[in-house]
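Asker: Take this structure first; my questions come after.
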Amino acid sequence: MAYSEYKMWLQSENAAVPKVDSIIEERILNHWDNIDGSVERGYSGKSLFFKDGNICYDKNRIRDYARYLSSIGINRVCCNNVNVTERSARMIADDLIDDVAALAGIFREFGIRFIIAVDFTSPRLLGGLTTYDPYDEHVIKWWKAAAETVYKHIPDLAGFLVKADSEFRDGPAALGRTQADGANVIANALKKHGGKVYWRCFVYNCVQDWRDTKTDRPKAAYDHFYPLDGSFADNVILQIKHGPSDFQVREPNSPLLGAMEHTSQALEFQVTQEYTGQQVDLYATAVQWQEILDAPVSDSQSMRDLMGNKVKAIVAVANTGLDANWTGHTLAQANLYAFGRMASDPALTAREVLGEWVKLTFGSNPAVYEPVLDMMLRSREVYEMYTSHLGLGWMVNINHHYGPSPEGYEFMKWGTYHRANHEAIGVDRTEAGTGYTAQYHPHLNALYSNIETCPEELLLYFHRLPYSFKLKSGKTVLQHFYDSHFEAVEHVEEFISTWDSLRPHLPECVFSSVADRLLRQLSNAKEWRDVVNTYFYRLTGISDGQGRKIYD
Ligand code: GCU
């Protein structure tokens, strides 16, 4: 179906939806906005929706935003953070529901249904009950009553989003109940209103001991959820991050996606650039999404084949805020655009959607269009060259996740270890190691387990290898680290000269804001180069084969 036709029915929820396999019916944007006005992992200013504990927004701006989201294909939005606070939990209570309904009403005008993130402990937190046990009859009644109140105000609410048993948030496991017990008690309350529960699968042990080499965080989501296939209510959608770690620059696809036969699933992306440059460094997320969709899930299917079939919904964490250009880095606007477009048509390539954005934004003069598109298409690879190596990830400063810190997470509780010593690096996740690869389809298990067939960019995700291991290029792992860090800086320098050459063609404010970010990116890339190269030089005592400057 042509996009123009598709856009027409997008405007109306009730329009007959053509049955096309690749149509993903729910195209959802999650905001991680806090009710105090801050934005978790936000890099574009304060919240568009909240301020000082209240719902507070510029109505015109929200109308513009809703119209824009609708025009790129988004049809569901959640404005509050999955990390629900005591105050934002009240968005389903009497004191805030009128304001929530008014905000939902603006999105409704553009065919976008609202979702509210709720706290699983709400029956206790808001209802004053002594428990939030999903089997307790008062709890069951409490959720039903809460649903009645909310649907009275927002009759077309798409549902509740829940992050439970995750990163210090309580959930059913704390009471000895399963994830299905937890999701179902809310789903049952929403059912008669046509609502759904979007239940996040980001459940893992976040207080691991680095000395424990048996527990392997990437296994967690599958271990928790796969055995429950078939026990979730039919209005529960499991929301699964694209990778088993956490929105890293490079990780394999989550083995949970597509594995369950009887449970609706949503694929979750991040538009906001938490680990991918924080809207200072240029990073076109569409390139990564295309790779994710292209990746195999079995011997005959790719992730793209699951979209609109087993995977019924697609979600991304938004990158917008009150900054005048919406996204901090002007070119990061393309990431939101690309999400809407690829969610609407997962067959679109990164080149196509980024090309559209560049033309719509800067016009079709090839002197501008071609170099800007080229920079964007290369940006993911360049960022990966200086921040993430053969699938390692996590070498960032703790908490804020920006800038290099090779051992930042190494001795922490979060379960994110590369275990580098002077000889080797990486984790053996094959069945001889942590056993993670066994969660995949046998074809993929075999592919990833074999060093010869494992995609090289994921080599150290799946294997522990000596620095002297020879890659297909003939380079050792160590020389590959050194080279990619030196070359990445050269690529960023090229981005800067390309952008400088475009000055005559661009509005000055756009030119200078992007130029400023590129300079920050350059200093960032140099910092990564020097910190990471020195780290490996100190560990191994082996110099760069090309004799370039490595600090000791
Ligand atoms: C990451 C991120 C958190 C977020 C969490 C989530 O861990 O750093 O800020 O809350 O993901 O997806 O829930």
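All residue numbers for the sequence shown refer to this note's numbering, where the first residue is 1 and numbers rise by one.
Note that the Cβ used here is the ideal one computed from N, Cα and C, for glycine as well.
#1: Using the C-alpha atoms, what's the distance from leucine 392 back to leucine 477?
#2: Here's the rule I'm using: 16 or more other beta-carbon atoms within 10 Å means buried, otherwise exposed. How should valine 249 be labelled?
#3: Cα separation between glutamine 273 and serine 497?
#4: Could I get the ranges of all uninterrupted alpha helix (DSSP H) runs contained in the stretch 89 to 122, with 4 residues as the minimum, in chain order?
#5: Starting from histidine 31 and walking both ways along the beta strand (DSSP E), at which residues does that stretch end?
#6: Any chance the CB of lysine 241 is under 8 Å from a heavy atom of the ligand FMN?
#7: Hey, could you find the ends of the beta strand (DSSP E) tryptophan 199 is sitting in?
#8: Would you mind listing the beta strand (DSSP E) stretches within the stretch 185 to 267 that are 3+ residues and don't spill past its ends, in chain order?
#9: Can you look up leucine 392 in the DSSP assignment and give me helix, strand or coil?
#10: Within the continuous beta strand (DSSP E) that includes arginine 76, where are the two ends?
#11: So, at 8 Å on beta carbons, what are the nonlocal neighbours of alanine 295 in its own chain, with the 5 sequence-adjacent residues on each side left out?
#12: Starting from leucine 129 and walking both ways along the alpha helix (DSSP H), at which residues does that stretch end?
#13: Is valine 82 a contact residue of the ligand GCU, with contact defined as CB to any heavy atom under 8 Å?
#14: Would you kindly work out how many angstroms separate the C-alpha atoms of asparagine 81 and glycine 363, rounded to a whole number?
#15: Taking 6 Å as the limit between beta carbons, can you name the residues of its chain near aspartate 323, skipping five residues before and five after?
#16: Could you tell me the alpha carbon to alpha carbon distance between lysine 196 and tyrosine 551, rounded to whole angstroms?
#17: Should the stretch 111 to 120 be regarded as contacting the stretch 73 to 92, the criterion being three or more beta carbon pairs within less than 8 Å?
#18: Report the three-state DSSP secondary structure of proline 371 (helix, strand or coil).
#19: What's the C-alpha gap between phenylalanine 462 and tyrosine 369?
#20: Arginine 217: beta carbon under 8 Å from a heavy atom of the ligand GCU?
#21: Leucine 161: which of Ala173, Ala145, Ala187 and Ala367 sits nearest, CA to CA?
#22: So, is aspartate 281 buried or exposed, given that buried needs 16 or more other C-beta atoms within 10 angstroms?
#23: In its own chain, which residues sit with a C-beta less than 8 Å from the C-beta of lysine 312, not counting the 5 before and 5 after it?
#24: Can you say whether cysteine 201 is buried or exposed, counting buried as having 16 or more other CB atoms within 10 angstroms of its CB?
#25: Note down the Cα distance separating asparagine 365 from aspartate 209, rounded to an integer number of angstroms.
#26: Do aspartate 246 and tyrosine 226 count as a contact pair if the criterion is CB distance below 9 Å?
#27: Spatial neighbours of arginine 358 within its chain, please: CB distance less than 6 Å, with the 5 preceding and 5 following residues excluded, ordered by chain position.
#28: For a test of the three-state rule: what should DSSP assign to proline 406, helix, strand or coil?
#29: With DSSP collapsed to three states, give me the class of serine 543.
#30: According to DSSP, is arginine 520 part of a helix, a strand, or is it coil?
#31: Who pairs with proline 296 in a beta bridge, going by DSSP?
#32: What does DSSP give as the partner residues of isoleucine 55 in its beta bridges?
#33: Can you tell me where the alpha helix (DSSP H) holding glycine 355 begins and where it ends?
Answerer: With the structure as the only source:
#1: Reading the sequence as shown, one finds valine at residue 477 and not leucine. If you take the alpha carbons of valine 477 and leucine 392, they lie about 12 Å apart.
#2: buried
#3: 24 Å
#4: 94 to 108
#5: 26 to 33
#6: Here the bound small molecules are the ligand GCU; the ligand FMN is not part of this structure.
#7: Counting along the chain, the beta strand (DSSP E) containing tryptophan 199 begins and ends at 196 to 200.
#8: 196 to 200 and 236 to 241
#9: coil
#10: 76 to 80
#11: Pro252, Asn253, Ser302 and Met303
#12: Premise fails: leucine 129 is in no alpha helix (DSSP H) and is neither H nor E.
#13: Result yes, Cβ under 8 Å from the ligand GCU.
#14: C-alpha separation (whole angstroms): 36 Å.
#15: So the list reads Ser44 and Gly45, once near-sequence residues are dropped.
#16: Roughly 55 Å between the two C-alpha positions.
#17: yes
#18: helix
#19: Rounded to the nearest angstrom, the two C-alpha atoms are 39 Å apart.
#20: no
#21: Ala187
#22: Buried is the call here.
#23: Ile24, Glu25, Glu26, Ile237, Ser264, Gln265 and Ala266
#24: buried
#25: Linking asparagine 365 to aspartate 209 through their CA atoms gives a straight-line distance of about 56 Å.
#26: no
#27: Note that residue 358 corresponds to valine in the displayed sequence, not to arginine. Hits under 6 Å: Tyr369, Val372 and Leu373.
#28: Here proline 406 sits in coil by DSSP.
#29: coil
#30: helix
#31: Ser302
#32: Answer is Phe50.
#33: Where glycine 355 is concerned, the enclosing alpha helix (DSSP H) starts and stops at 350 to 362.
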